[in-house]
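Engineer: In our numbering, the protein residues as written are 185 to 533.
A virtual CB, placed ideally from N, CA and C, is assigned to each residue, including glycine.
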Ligand code: GDP
């Protein structure tokens, strides 16, 4: 009767209390990276960035680039577990009248969130009027071909020499999805620096040269829209308004996915957007509510996986699960579903 319900309520409340303690403990011990470790990693990335700037200015002074810069979770205090990766953004300058962007949903591929960049006015401005015409494939700017340009460049650099000056061991990672340098900056610490060529279109849309994962040949010319700056800013702004725990919740979830092979496929953007969508429905993000919100996040992810769709909070037509195979969706869904009854199992390290 009534007393039974009260007992199970109590039990559930106690479980939540202990999950709450467990989450903050996990946060302190496993998620958070010591300040000193972050600083050393940032320093190593900065040294590499400086070398590349010098090299590019000297060797290819007429390549139309804006200044390269470092970015990623290491710079937003959102990196978890170990300080082991950063992105080197390489913004290309495109002539406005020579290139235009076409949203993926208006192409035969029909993929929102990806874009084609088409060469315009070839009849008045023939091939080679634009520096980047050398990366044109079938009338479109090819991200693959842009990456090849930087790949050649990076392999022509004498990294052992630079490494010995800086006291690092530096080597290009092959094969890699994009273009990556591995920097060993202490005996047991390695940092991967990804090159990420970037286009900022006239309307502010950011496109990055990171290929579609299920890249069939016809996907090869697609540029990926990046929402990272905006989605991270929105998450942080919401936390600032109410002293909330959304960023903490994100970091715990990221660590959980990093430490569990079955969840490796979930990335920061998917988790960030799942939390942004949850924030539209749920108002209480106080530190005391972390366990409740974390469980709710797991439940929401299971729901999105069941639907096979996670809309981007900033552009709902974009499905952030569109690069997962059916099998991966099932496996992720199953793992998270099981975790609902034993969430602490995912926090064991
Ligand atoms: P983390 O790598 O899980 O810690 O998450 P980040 O928030 O640092 O995201 C890095 C990932 O997002 C990389 O895989 C990038 O290729 C991708 N990405 C997409 N857009 C951007 C961008 O504008 N900046 C950076 N740094 N990474 C981006």
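I'd like to check one pair, residue 392 with residue 327: are the Cβ atoms closer than 9 angstroms?
Structural biologist: Yes, these two residues count as a Cβ contact at 9 angstroms.
Engineer: Enumerated in chain order, which unbroken segments of the alpha helix (DSSP H) with a length of 4 residues or greater are wholly contained in the segment 437-522?
Structural biologist: The segment 437-522 contains these whole alpha helix (DSSP H) runs: 452-465 and 474-491.
Engineer: I believe residue 209 touches residue 501 by the beta-carbon criterion, under 8 angstroms. Please report the beta-carbon distance rounded to the nearest angstrom.
Structural biologist: Incorrect: roughly 40 angstroms between the Cβ atoms, too far for contact.
Engineer: Does at least one heavy atom of the ligand GDP sit under 8 angstroms from the Cβ of residue 269?
Structural biologist: For the ligand GDP, at least one heavy atom lies less than 8 angstroms from the Cβ of residue 269.
Engineer: Would you identify the three-state DSSP class for residue 378, choosing helix, strand or coil?
Structural biologist: Three-state DSSP puts residue 378 in a strand.
Engineer: Restricting to runs no shorter than 3 residues, where is the beta strand (DSSP E) found entirely within the segment 231-274?
Structural biologist: With a minimum length of 3 residues, the continuous beta strand (DSSP E) runs that stay inside the segment 231-274 are 253-255.
Engineer: With DSSP as the reference, label residue 622 as helix, strand or coil.
Structural biologist: Residue 622 cannot be examined here, being either before or after the span of the chain that is shown, 185 to 533.
Engineer: Which residue or residues does DSSP assign as beta-bridge partners of residue 356?
Structural biologist: Note: residue 356 sits in a beta bridge opposite 365.
Engineer: Just the Cα atoms here: how many angstroms apart are residue 483 and residue 489?
Structural biologist: For residue 483 and residue 489, the distance between alpha carbons rounds to 10 angstroms.
Engineer: CB residue 282 to CB residue 309, shorter than 9 angstroms?
Structural biologist: Yes, the pair counts as a contact, with Cβ atoms nearer than the cut-off.
Engineer: Closer than 8 angstroms to a non-hydrogen atom of the ligand SAM - does that hold for the CB of residue 436?
Structural biologist: Here the bound small molecules are the ligand GDP; the ligand SAM is not part of this structure.
Engineer: Going by DSSP, name the residue or residues bridged to residue 196.
Structural biologist: For residue 196, which the question treats as bridged, DSSP gives no partner whatsoever.
Engineer: Determine the extent of the alpha helix (DSSP H) in which residue 300 is found, giving its start and end residues.
Structural biologist: Taken as a continuous stretch (DSSP letters only), residue 300 belongs to no alpha helix (DSSP H), being part of the beta strand (DSSP E) at 298-303.
Engineer: CB-CB under 8 angstroms to residue 493, same chain, minus the five flanking residues each way: which ones, in chain order?
Structural biologist: These residues qualify, in order along the chain: 503 and 505.
Engineer: Buried or exposed: where does residue 199 fall if 16 or more other Cβ atoms within 10 Å of its Cβ makes it buried?
Structural biologist: Burial call: exposed.
Engineer: Under a three-way DSSP split, which group does residue 285 fall into?
Structural biologist: Strand at residue 285.
Engineer: Smallest Cα separation from residue 136: which of 380, 226 and 318?
Structural biologist: As displayed, the chain neither begins before 185 nor continues past 533, which places residue 136 out of reach and without an answer.
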